[in-house]
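Visitor: Residue numbers (my numbering), protein chains in the order written: chain A, 498 to 873; chain V, 18 to 533; chain R, 370 to 699. The beta carbon of each residue, even a glycine, is placed where N, CA and C say it ideally should be. Below is the structure I would like to discuss, written out as structure tokens.
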Amino acid sequence: MDVHGPLSDDGVVRLLTHTGDRVEHPVYSRYAEELDDSTLRQMWREMVVVRAFDREATSLQRQGELGLWVPALGQEAAQVGSGHALRPQDWVFPSYREHAVAHLRGVNLAALLRIFRGLEHGAWVPEEHNFHLYTLVIGSHTLHATGYAMAMDRDGLVGTGDPGRDAAVVCYFGDGATSQGDTNEALIFAAVNNAPVVFFCQNNQWAISEPATRQSKVPFAQRADGVGMPNVRVDGNDVLASYAVTREAMDRARSGGGPGFIEAFTYRMGAHTTSDDPTRYRSKAEEEYWAERDPIARLEAYLTRRGALGDDFRAETEAMAKELAAEVRVATKSASKPPTSEIFDHVFAEPHTIVDAERAWFERYEESFTDAEGGH
Amino acid sequence: MPTFETFYLPDAGEGLTEADIVTWLVAVGDTVEVNQPLLEVETAKSLVELPCPVDGLVTELLVREGDTVEVGAPIVVFDVDPSGAAGEVSAPDLRAAPSGADAAGTDTSPPTFSPTFSPSDAASTPVQVSPSAASGEGLEERLAPAVHSPAPHHEHAEPVGTYAPTHEPVHHEAPPAPSSSVLVGYGVSASEAKRRPRSVEVQSPFHEESDAEIEHPVFAKPPVRRLAKELGIDLSTVSPSGPGGIVTREDVIQHAKAREPRTLATYAGDDQPWLESGIVSADGRMTRVPVKSVRKRTAEAMVASAFTAPHVTVFHTLDITETMDLVARLKKDKEFADVHVTPLLIAAKALLFAIRRHPEINASWDEQRQEIVYKHYVNLGIAATTPRGLIVPNIKDAHRYDLHTLAQELQDLTQEARNGTTSAQAMQDGTITITNVGVFGIDTGTPILNPGEAAILAFGAVRQQPWVHEGEIKVRWVTQLALSFDHRLVDGELGSRVLSDVATVLGDPTKALVWS
Amino acid sequence: METLTLAGAINAGLRKAMERDPKVILMGEDIGALGGVFRVTDGLHKDFGPDRVMDTPLAESGIVGTAIGMSMRGYRPVCEIQFDGFIFPAFDQITTQLAKMHYRSRGKITVPVVIRVPYAGGIGAVEHHSESPEALFAHTAGLRVVTPATPQDGYLMIQQAIASPDPVLFFEPKARYWDKGEVDVDAPFTVDGASAAMSHARVARQGEDVTLVAYGPSVRVALQAAQVCENEGVSAEVLDLRAISPLDIGAITRSVKKTGRCVVVHEAPVPFGAGAEIAARVAEEAFYHLEAPVLRVGGFHSPYPASKLEHDYLPSVDRVLDSIDRVMVH
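What follows is the structure, given as structure tokens:
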């Protein structure tokens, strides 16, 4: 492991070690105090359930029910921790791996799989969850997040002092995205406009097969120094620390203090997607090393040692996980091909002659076959 | 009751087409759970472990380790409801007729074991499959039960019992014929090239039915327009038969054909009918032939002549037997072996003699100068019918030629006329003309003067006719001569004398000797 | 009625739109104090302030990307890309994000972003300042692509584009910025139907023998050619398309069905340009009416040349007449 670069844990904020021991931090400990046992149990439960969902989705892909799956395995703490720091009126701009945050924002996980079953491009209404659709072009959404934050600012949702009103945007992306021009432009726009947006970079150390050292010579948080933006590195597998740093950054943004950058140092325990084969570019030793730093295990160890994780709660959690997995399986397998007319829906918000003509033609075309089924 | 599901090899990596079976992690007869590791396959991208899709019993492994299998091929069969055990009926031999009485007795031929049961016959199956769900090309169709055991109400009297694993492959429903769409989990499909039958034609997206309000002369596609142009046809005159008033290629061709001239041969052997260049009228009742070249000149000449010179024609019928005998003798004569000898030749010579005796006939009326021009030479014109029309080439200085030379000249002239190689010069400066109407079997006629000449002789057909010869009726060769002359410079007496002289020589060729 | 230049007319239209709707904001490089390098946003920064007329960092992708984000919150951003040749850094945001947002969200997200682009050549500029990239955007479903040829249209269409809930690429022919024309600034404007209104072709000149289809800076060339061939006995109809997406196919085919001949004129290179789409549509819909193939007059398949050569490169009256001659000969 390199000592000071993007693969080091140089300067990460940590409140919970990988063996489940609590440590203190001069700045961030106070935020952790907001997390009582009940909340911690809840966070543990959410991580377990989401991981079960994630595993089920991988299975479904291997069984031919999904074309692709993007596992978030190993990144549960970064997502659940940061997710807990959000207020309902905040907005989230995810990349495409933030299934735990989606879950926290109330997005139906079974519905989310429709995207990967090839049924639609976006499977929820962003405004109902304040959670934007997944963006597959790397880094593009960082600009959307910034613009959205700028708009929030103009709408008077920033720095009012009213905790029910003040809002900010959190934008999730990975180490690879920090190389994209758009991401860097977003940092610039956010900085010069003092936009209320927190850039949350999950450095899971791999962009498909390229290690983070191909994206940067220095930890990613330092990218923000270039635009004069406050930034922090956090142990992304530590749900408490992830919560704490996000809380601080979001508070700052909501209060008009401008944007911030968080680098969550974590690990992509699974493959990039189900099409990927990590055995071709990383070692078992490395995977084993990070398995020992599993985000769920350390929280579990911590809570168990304190007697804060009872058998009933565990059993209940396991049942919930199983149930969700089964639900997701049923929903996915029964989800059928949408009507072909959907090809032509919503291309434009207002009528467009070409689209309308093609839609009408296609309808007639489909009906022109002798074996055509009526009304589809 | 057993409920079977077939699992098909999925596309594990976005567009893979096949995989190698590496290791089966279960065996036939194993009880399995959803997501339990099922088998390992090697794809082009990586080694992949496939998890089990169902809870149940492994009924049959359809592929072996080491096989290369296409995505979408069936690889394993599960019994997802194994608690429905066999009961009294033993596993049947798939090929045997079912034992036991056919209670209904309606069908005496042994029912064959074909899995004809449709999924809807069966009782509903466990939660993994919902075949009744309104599914398009959902994968549940691919996992549809291969065979169901019959519901109690099924028509077949013979309970077919359970299917124990056999060595014979159970009939599997093939995956639905791959459509051209990419199915989730089944990646790229290799569909066979086939046409799905259509019942109706569909117009293009921007097609507008009616062009009524748009004024435009003609609808025709580019190749048709070109054809019309090549044929010199105005498209707007062609009746369109295509849909919506489109002029088709056929329409144009029909139109052109209707204008084709009928090939009329004006006489036997007429190999270049002058009507060829004509245009048949729309009603097909007449052909218009543009007046061109020869015909034009002929017409002009005729007009010029007929309406300038007052024509008079005198006729003479004579016994031409002596000439015929002469012709016969000359044909055998060695000196004349290389030329044609015809009655026309003798007639030509006779006319030359007549001219010698009456040179005033060999003249022309110069209206402009108000002079009569007597020629000191005879350019003897022979009216010739050619495919291009009537021409009158002349034998220059015919008066100088002996009979043999005259014969040669006549022959050459005729040949050239036939060949169409008569020069313009040959047709100029004629002084007198013979027209051999006899060739057509015609007795005589009232020929029109060749412009610039004063007389024209028509030599009729030579026929055997009864004649008074030396006081007795004999069969003799008889012919008629006609001489038309320009009455401005030739009076009746001159004309008659000339004709008479011609007739005299033809009647008695030895007279030429006397007049020489 | 007022006499305005095209630039002035667009300026007036922007002002009207901003007065009408407080959510309309302008974003671009140098559009604020400077008023834009072509002065199209002149005076607006002073009257509406920096929050509504924003000078942005020098980052085209950033401009469009943040505009998308703002529009998701109900704002109506009007971005300016300073010159046509600089639109390419934003190409990704325009084609993968802006064009597809409404579709992928099944209509739940609208992105009413207008991107104003001075385009096309004829002003003696250096590289990347004379491009005609409209076909690249027309080829992307989800974007409306429009271009005014006259001050009147500039005034109206910019307002229609802003009122449209769809993303609009608004191509402004910079060679025409200083052309003057009559503008009815008091004409009633309705937001409803704005998308449709700016998508209809205009018959700039009636004719019988051949249809000249043009847009933007080429409308003037087409009209000039029509004038010349009128004197030679050929009556040309000139269509100003105004919108390239959607193409007013109905208007084009109606005209060609009448004349039987079609010549398309645009500055963009002929190969794979908008004219190819027009030619294909005309061939499909008016096949039996055609007396001659559809011809296209435009730039050559080369990068835009050095400016001393541009008038040989651009479709001129003679080049248009050449095509008219060729279709008339058939």
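#1: Taking 8 Å as the CB-CB limit, is V/Val-65 close to chain A?
#2: Between the beta-carbon of A/Arg-511 and the beta-carbon of A/Asp-732, is there less than 8 Å?
#3: Can you grab the Cα-Cα spacing for the pair V/Gly-524 / V/Gly-462, in whole Å?
#4: Look up R/Met-423 in the DSSP assignment and say whether it is helix, strand or coil.
#5: Could you have a look at V/Lys-246 and say whether DSSP puts it in helix, strand or coil?
#6: Give the residues of chain R in contact with V/Phe-236, contact being defined as C-beta atoms less than 8 Å apart.
#7: Residues of chain V with CB under 7 Å from R/Arg-695, in chain order?
#8: Grab me the residues of R/Ala-544's own chain with a C-beta within less than 8 Å of its C-beta, minus the 5 sequence neighbours each way, in chain order.
#9: Does the beta-carbon of A/Asp-534 have 16 or more other beta-carbons within 10 angstroms, so that it is buried, or is it exposed?
#10: Kindly indicate if chain V contains any beta-carbon less than 8 Å away from that of A/Glu-855.
#11: Between V/Val-93, V/Gln-481, V/Thr-325, which lies nearest to V/Asp-383 when the distance is taken from Cα to Cα?
#12: Taking Cβ-Cβ distances shorter than 8 Å, what residues in chain R pair up with V/Ser-221?
#13: Can you list, in chain order, the stretches of the beta strand (DSSP E) that have 3 or more residues and sit fully within the segment 379-446 of chain R?
#14: Would DSSP call V/Lys-491 helix, strand or coil?
#15: Could you name the residues of chain R that V/Arg-435 contacts, counting a contact when the two beta carbons are closer than 8 Å?
#16: Select from V/Ser-221, V/Val-344, V/Ala-478 the residue whose C-alpha is nearest the C-alpha of V/Leu-335.
#17: How far does the alpha helix (DSSP H) with A/Trp-787 in it extend, from its first residue to its last?
#18: The alpha helix (DSSP H) with A/Phe-613 in it runs from where to where?
#19: Of all the CB atoms in chain V, is at least one closer than 8 Å to the CB of R/Thr-580?
#20: Just to confirm, are A/Val-604 and A/Thr-770 a CB contact at a threshold of 8 Å?
#21: Indicate whether A/Arg-751 and A/Asp-663 have their beta-carbon atoms separated by less than 8 Å.
#22: What did DSSP end up calling A/His-769 once you bin it into helix, strand or coil?
#23: Identify the continuous alpha helix (DSSP H) that holds R/His-680 and give its terminal residues.
#24: Can you give me the C-alpha to C-alpha distance between A/Asp-808 and A/Arg-548, rounded to a whole angstrom?
#25: With 8 Å as the threshold, decide whether the Cβ of V/Pro-239 is near any Cβ in chain R.
#26: Can you find a C-beta in chain R that's less than 8 Å from the C-beta of V/Pro-148?
#27: Is it true that the CB of V/Val-86 sits closer than 8 Å to the CB of V/Glu-22?
#28: Using 8 Å as the limit for Cβ to Cβ distance, is A/Gly-755 near chain V?
#29: What separation, rounded to the nearest whole angstrom, lies between the Cα atoms of R/Pro-557 and R/Arg-623?
#30: Is DSSP giving V/Cys-69 helix, strand or coil here?
#31: Could one say the Cβ of A/Gly-564 lies closer than 8 Å to chain V's Cβ atoms, at least one of them?
#32: Helix, strand or coil for V/Pro-429 per DSSP?
#33: DSSP three-state call for R/Ala-648: helix, strand or coil?
#34: Could you please give the first and the last residue of the uninterrupted alpha helix (DSSP H) stretch that includes A/Arg-861?
#35: Does any C-beta atom of chain V lie closer than 8 Å to the C-beta of R/Arg-473?
#36: Looking at the C-beta of V/Glu-172, does it have a partner C-beta in chain A at a distance below 8 Å?
Guide: Taking the definition as stated:
#1: At least one CB atom of chain A sits nearer than 8 Å to the CB of V/Val-65.
#2: Inclusion of A/Arg-511 and A/Asp-732 in the CB contact set at 8 Å is warranted, their separation being smaller than that value.
#3: Roughly 20 Å between the two C-alpha positions.
#4: For R/Met-423, the three-state secondary structure derived from DSSP is strand.
#5: If DSSP states are grouped into helix, strand and coil, V/Lys-246 belongs with the helices.
#6: Tyr-657, His-658, listed in chain order.
#7: Neighbours of R/Arg-695 on chain V: none; closest Cβ ~14 Å, over 7 Å.
#8: In chain order, Ala-489, Gly-490, Gly-491, Ile-492, Pro-586 place their CB closer than 8 Å to the CB of R/Ala-544, counting only its own chain and leaving out the 5 sequence neighbours on each side.
#9: Label assigned to A/Asp-534: exposed.
#10: Cβ-Cβ to chain V under 8 Å: yes for A/Glu-855.
#11: Closest by alpha carbon: V/Thr-325.
#12: The answer, in chain order, is Glu-653, Glu-654.
#13: Runs found: 393-397, 422-424.
#14: Reduced to three states, the DSSP call for V/Lys-491 is strand.
#15: Residues of chain R passing the Cβ test: none, with the nearest at roughly 46 Å.
#16: For V/Leu-335, the nearest C-alpha among the options comes from V/Ala-478.
#17: Where A/Trp-787 is concerned, the enclosing alpha helix (DSSP H) stretches over 781-788.
#18: Looking at the DSSP string, the run of the alpha helix (DSSP H) that includes A/Phe-613 is 606-613.
#19: R/Thr-580 does not count as touching chain V.
#20: It is not a contact, given that the beta carbons lie outside the stated cut-off.
#21: For A/Arg-751 and A/Asp-663, yes; Cβs fall inside 8 Å.
#22: The three-state reading of DSSP puts A/His-769 in coil, since its state is none of H, G, I, E or B.
#23: Per DSSP, R/His-680 belongs to the alpha helix (DSSP H) from 679-682.
#24: Cα to Cα, the separation comes out at about 19 Å.
#25: At least one chain R Cβ lies under 8 Å of V/Pro-239.
#26: Since pLDDT at V/Pro-148 reaches only 36, below the 50 mark, its modelled position is unreliable, and no value is offered.
#27: The answer is no: Cβ separation not under 8 Å.
#28: So, not an interface residue.
#29: If you take the alpha carbons of R/Pro-557 and R/Arg-623, they lie about 29 Å apart.
#30: V/Cys-69 carries a coil assignment under DSSP once its states are collapsed to helix, strand and coil.
#31: Proximity of A/Gly-564 to chain V, defined by a Cβ-Cβ separation below 8 Å, is satisfied.
#32: The sequence shown places Asp at residue 429 of chain V, rather than the Pro named in the question. It is helical.
#33: Looking at R/Ala-648 - three-state DSSP - the assignment turns out to be helix.
#34: From DSSP, the alpha helix (DSSP H) with A/Arg-861 extends over 850-864.
#35: It does not; no Cβ of chain V falls within 8 Å.
#36: Residue placement at V/Glu-172 is flagged as unreliable, the pLDDT there being 41, under the threshold of 50; the coordinate-derived value follows with that caveat. False, the Cβ-Cβ gap to chain A never drops below 8 Å.
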